[in-house]
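> Each number in the working numbering comes from the position in the sequence shown (counting from 1) with 10 added on. Cβ atoms here follow ideal geometry from the backbone N, Cα and C, with glycine treated the same way. Here it is, the structure, as C-alpha cells.
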Amino acid sequence: MRAGLGSSSGAAGPTGALHGRQARRSGVPHQRATGATRESAPATGGVKKPHRYRPGTVAPRQSHKDIAPDPAPAATAASGRPQASSTLEAPTAPALNGGGGGGDGGSSTLRFGFPKGSLQKATENLFARAGFKVKISERGYFPACDDGDLQMVLFRSQEISRYVEDGVLDAGIWGHDWVVENGADVVEVCELHYSKATSNPARWVLCVREDSPVQDAADLAGTIVASELVNTTRKYFSDRGIAVKKVEYSWGATEVKASLPGVGAIVDITETGSSLKANNLRIVDTILSSTTRLVANRASWADPAKRRKIEDVALLLQGAIEGRDKVGLKMNLPRASLDKVCACLPSERSPTVSQLIDPNWVAIEVVLDEAAARRLIPECKRLGATGVCSYPLLTIVH
C-alpha cells in the first residue's frame with residue numbers, strides 16, 4: 011500500500027494510481043472525485059490534471075472567494091472629486107462622480123439634494139414638468155436623471171441645509187422652515203410655490219386639545235411643548251417672554267402628544283388643517299409660514315459654471331410652476347367678432363392675432379387659466395369661432 015502511494019507522486023498511470031476502492035479504504039481521496047481534489051492535490055502529493063486545450067500546462071482553479079478585490083484608489087485633492095467637509099462627509103456612490111460640492115471650480119456638475127419624504131413625489135412631478143426625467147428606485151438614494159450635469163442624492167429635508175452649507179452638496183430643494191431652524195448660511199436662489207398637497211405655504215402652528223382652556227400662548231407658561239422645530243419654537247416663546255417648562259423634541263406622531271399629561275401644547279406642520287381637526291386639535295397661533303426653496307452653497311454659487319447651472323434649473327422649475335393650471339387656447343374667428351372675444355379675456359391677457367388668407371378671418375392664440383378657458387370656449391363658439399382647441403402647458407418662462 012505504501013509503495014503504491016509513493017509511486018502515485020510520479021505519474022498518473024495505472025501502476026502508480028490507487029484504485030477508488032483502495033483509496034476509500036486508505037483514506038486517500040480518489041484522483042477523479044472532484045475539482046476540489048485536483049486543486050488540493052499538490053499539497054497532498056497528488057497530481058494535477060493536464061489542461062485539455064494546452065498539453066503540458068495545468069489549468070489553475072480559483073474560487074471567487076480566493077480573488078481579493080482591487081484596492082480602492084486613494085482619494086487625492088487632484089482627483090477632481092469633492093473633498094469632504096470637516097463636519098459632514100460626502101456620500102459615496104458610483105452615481106456621484108466628478109464635480110463636487112463647495113465650488114471646486116472644476117466642473118458645472120452639481121450634487122443636488124432631492125427631498126425625501128413628504129415633498130418627494132411633488133418634487134419628482136415638478137422636475138418632470140420642467141423637462142427632466144428623474145427615476146427613483148424603490149430603495150435607492152441616488153435618483154437617475156437624464157441631465158448629466160445633475161447628480162442627485164435623496165436626503166431628508168431636515169438635513170439638506172446642513173449638507174449644502176458644508177459644501178457636501180452644491181444645491182438642493184427643501185422648505186424655508188429648515189433653513190430657519192438650522193440657521194443655515196446658504197443662498198436662497200428662488201422660492202418655489204409648491205408643497206405636498208397644494209401650492210399654499212406650509213404653516214407651523216401651535217396647537218392644543220379642542221377642550222383645552224388655553225386661549226393664548228401666554229397660557230402655556232410652565233408647561234411642556236412638544237415640537238419637531240425645537241429652535242424655532244424656543245425662539246417664539248423667548249421673543250414673547252413666555253417661560254415654558256421645556257420644549258421637547260418630537261420624533262413623530264406629534265398630534266397624540268397634546269393629549270399626554272403635562273404636555274400643554276404641540277407645534278406641528280399643516281397645509282390644510284384636516285389632520286389637526288381629525289385629531290381634535292385647535293390652532294392657537296402660527297409660529298412660522300414656509301414655502302419650498304431652491305438653495306445653494308455659497309462657494310458653489312460663487313463658481314460661474316455652477317451658478318449658471320443652478321440658475322438654469324431654477325428658471326425651468328419656476329417655469330413649470332408658472333405653467334401649472336394654465337392652458338393655451340387658439341381658434342379661427344371672424345374679424346368682426348375679434349373685439350368681443352378680446353373683451354371676454356382676462357384683463358392681463360393679450361392674444362396673438364394672425365391674419366388668415368381670407369381677409370375677413372383671423373386666428374388668435376392666448377395663454378390663460380384653465381378655469382377661464384372653460385368659460386371662454388362656449389362664448390367664442392357663439393361668436394362664430396371655429397377650430398377651437400385648448401392644450402396643456404408644461405412651462406411658461408417670462
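Per DSSP, Asn342 is paired with what?
Per DSSP, Ala373, Thr396.
> Within 10 angstroms of the Cβ of Val266, are there 16 or more other Cβ atoms? Answer buried if so, exposed if not.
Under this definition Val266 is an exposed residue.
> Give the secondary structure of Arg149 by DSSP, where H, G and I count as helix, E and B as strand, and everything else as coil.
Reduced to three states, the DSSP call for Arg149 is coil.
> Use the C-beta contact count for Asp195: other C-beta atoms within 10 angstroms, 16 or more gives buried, fewer gives exposed.
Exposed, by the Cβ-count rule.
> Please determine, among Ile387, Leu343, Thr302, the residue with the shortest C-alpha to C-alpha distance to Ser205.
Of the candidates Ile387, Leu343, Thr302, the one whose C-alpha sits nearest the C-alpha of Ser205 is Thr302.
> Cα separation between Gly394 and Ala140?
Their backbone Cα atoms lie some 36 Å apart in a straight line.
> Compute the distance between the beta-carbons of Gly182 and Val189, then report whether it is under 8 Å.
No; because the gap between Cβ atoms is not below 8 Å, this pair is not in contact.
> Would you report the Cα separation of Gln365 and Val372, rounded to the nearest angstrom?
Distance between the alpha carbons of Gln365 and Val372 is about 5 Å.
> Which residue or residues does DSSP assign as beta-bridge partners of Glu389?
Paired residues: none, contrary to the question.
> Within 10 angstroms of the Cβ of Tyr246, are there 16 or more other Cβ atoms? Answer buried if so, exposed if not.
Per the 10 Å Cβ criterion, buried.
> Nearest-angstrom Cα distance between Ala82 and Leu325?
Residue confidence is low: Ala82 scores 44 on pLDDT, short of 50, so the model does not pin down where it sits. Its coordinate-derived value is still stated next. Rounded to the nearest angstrom, the two C-alpha atoms are 39 Å apart.
> For Asp388 and Cys399, I'd like the C-alpha separation in whole angstroms.
The amino acid at residue 388 is misidentified as Asp; the sequence shows Pro. Roughly 12 Å separates the two Cα atoms.
> Tell me whether the stretch 272-280 and the stretch 226-246 touch, counting them as touching only if at least three CB pairs, one residue from each stretch, are closer than 8 Å.
A contact exists between the stretch 272-280 and the stretch 226-246.
> Could you check the C-alpha separation between Arg384 and Ala132 for me, to the nearest Å?
Each residue's Cα considered, the two are about 26 Å apart.
> Since Ala288 is in the beta strand (DSSP E), which residue starts that stretch and which ends it?
Here Ala288 belongs to no beta strand (DSSP E); instead the alpha helix (DSSP H) covers 284-288.
> Could you please give me the residues that DSSP links to Tyr259 through a beta bridge?
Ser237, per the DSSP bridge assignment.
> Just to confirm, is the Cβ distance from Gly397 to Asn342 under 8 Å?
Yes, these two residues count as a Cβ contact at 8 Å.
> Relative to the alpha-carbon of Asp335, which residue among Val323, Thr208, Pro314 has its alpha-carbon at the smallest distance?
Minimum Cα distance to Asp335 is reached at Thr208.
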